[in-house]
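Q:
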Amino acid sequence: MARTWREPSPAYGTTSRWPPCAPAGRPRSAWCARRAPCGRCWRRWTTSPTWATSTATRATWGSPRRCRARCWTCCPPTSASDWLLPEWPGDRAVTAALPWPLVVGLVAPLGLAIGSFLNVVVHRVPLGLSVVHPPSACPQCRQPVRGRDNVPVLSWLLLRGRCRDCRTPIPVRYPLVEAGTAALLVAVALHLQDVALVLAVLPVAAAGVALALIDLEHQRLPFAISGVALVLALPGVVADQLGSSPAAPLWQLLAGLAAWVGVYAGTWLLTGGRGMGLGDVVLAPALGLALGALGLGPALVGLMAGFVLGAVVGVLLLATGRLRRGERLPHGPFMLLGAAVGVFAGEPIASAYLSLTGLS
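Under the numbering used here, the first residue of the sequence shown is numbered 21, with each subsequent residue one higher.
1. Have a look at the DSSP bridge pairing and note the partners of Pro255.
2. Give me, in chain order, the residues of the same chain whose beta-carbon lies closer than 6 Å to that of Pro155; leave out the 5 immediate sequence neighbours on both sides.
3. What residue range is occupied by the uninterrupted alpha helix (DSSP H) comprising Ile234?
4. Just verifying my parser: in three-state terms, what is the DSSP assignment at Pro189?
5. What is the DSSP secondary structure of Gly129, counted as helix, strand or coil?
6. Within its chain, find whatever has a CB closer than 6 Å to the CB of Val218; leave out the 5 residues flanking it on each side and keep chain order.
7. Given a threshold of 16 other Cβ atoms within 10 Å of its Cβ, counted over all protein chains shown, does Pro223 qualify as buried or as exposed?
8. Does the Cβ of Ser136 have 16 or more other Cβ atoms within 10 Å, making it buried, or fewer, making it exposed?
9. According to DSSP, is Ala157 helix, strand or coil?
10. Measure the C-alpha to C-alpha separation of Leu233 and Arg294 and round it to an integer number of angstroms.
11. What does a CB cutoff of less than 6 Å around Ala310 pick up in its chain, not counting 5 residues either side in sequence?
12. Is it right to say Pro269 is buried, meaning 16 or more other beta carbons lie within 10 angstroms of its own, or is it exposed?
13. So is Ser101 buried or exposed if we call it buried at 16+ other beta carbons inside 10 Å?
14. Assign Asn170 to buried or exposed, taking buried as 16 or more other Cβ atoms, counted over all protein chains shown, within 10 Å of its Cβ.
15. Contact check, Phe243 vs Val302 under 8 Å by CB: the rounded distance?
16. Any idea what DSSP makes of Pro305, helix, strand or coil?
17. Give the single residue among Ala372, Ala203, Gly256 whose Cα lies nearest to the Cα of Ala216.
18. Which same chain residues end up closer than 8 Å to Arg144 when comparing Cβ atoms and leaving out the 5 residues on each side of it in sequence?
19. Using the C-alpha atoms, what's the distance from Leu314 back to Gln261?
20. Looking only at DSSP bridge pairs, what is Arg182 linked to?
21. Report the residue from Ala339, Arg348, Leu357 whose alpha carbon sits nearest the alpha carbon of Gly297.
22. Bridge partners of Pro164, per DSSP?
23. When you compare each of Leu196, Pro159, Gln160, Cys186 to Leu177 by their alpha carbons, which one comes out closest?
24. Hey, Leu323 and Trp280 are a contact pair by Cβ (cut 8 Å); roughly how many whole angstroms apart?
25. Among the residues of its own chain, which have a CB less than 6 Å from the CB of Cys183, if the five just before and after it don't count?
26. Confirm, please, whether the CB-CB distance from Leu205 to Ala226 is below 8 Å.
27. Comparing C-alpha positions only, which one of Pro350, Ala319, Val321 sits nearest to Gly330?
28. Suppose only complete runs of 4+ residues qualify. What are the alpha helix (DSSP H) ranges in the stretch 265 to 313, listed by chain order?
29. What's the C-alpha gap between Leu273 and His238?
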């Protein structure tokens, strides 16, 4: 998409040139005069040195924040028709920012259903059982779970945490996984506010819930789950890259992916599998792809955060006697926690680091 300039609206009262603020980057006949663009948006649209660098001027304009690459932080929509608009002719249609009630209404039920399925995955995959057949049944009395008893969270509450037939207690982990998965997916969707990025990150986030639970219980990361997460994330990444304003350039995507694969595969090869499990290596491409789609900063922050969190928790467990020397500590949950840090806080952490080191 050609990034052209036009003279600003007289409403600005200035001769400065500003990038257009419109839904999904679509130019309007007038310029938005509500607020100056954030730093990321300004850098995306121009190389002009007129962007203020002083703290006082930036404070006057508002703190630079991520604007989803389409000025939504700078210029929120003013009408219902602004929520979903195409970009320039020939470009893909995107949803730049959905209202949060719509996001919650769409993603929360999906997250509950996925969480219910993940409970089956966590129980059956480590045992080598099929996740689709036979239908779910009580492990004590072997009675199949009725449809009305399979509603996420609600059925557990109505049954008071017990099997309808034999009254065997149902672990509280089941509703917690369902509710936690829904909350995680809603948080990701609300944070990213971009359909392509959501499609890229949600499959990895959902698979991460199952992988973390399996690794904590069985100390293994099934290759099948990591592979499915990678395959399901690809369409969202491709859709984002084919758009006119991808969240990250292709080189950052590839660099983030290479960093994750290189670090984990290199550690596994150098230590002969003693310092890193093969399941961690197989999971790394999915996490690197999802975080690389957000940018090199989130990818590197997520990569480092996983090792830092693992080291801190390991030292604390050793100090408290809950972990003995030579005893293995699953690294998968820390990989996934680090990836979550990269998704939700990777960009500000990377920006703060560059500012402190003078590299920005």
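C-beta: ideal position from N, C-alpha, C; glycine also.
A: Let me lay it out:
1. None; Pro255 has no bridge partner.
2. Pro164
3. 215 to 238
4. strand
5. According to the sequence as given, residue 129 is Pro; it is not Gly. It is helical.
6. Ala209, Leu212
7. buried
8. buried
9. strand
10. 22 Å
11. Ala220, Val221, Val224, Ala253
12. exposed
13. For Ser101, the predicted model reports a pLDDT of 32, less than 50, meaning its position is unreliable and no value from the coordinates is stated.
14. exposed
15. 5 Å
16. helix
17. Gly256
18. Ser150, Val151
19. 11 Å
20. Pro189
21. Arg348
22. Ala157
23. Leu196
24. 6 Å
25. Cys158
26. yes
27. Pro350
28. 270 to 290, 298 to 312
29. 32 Å
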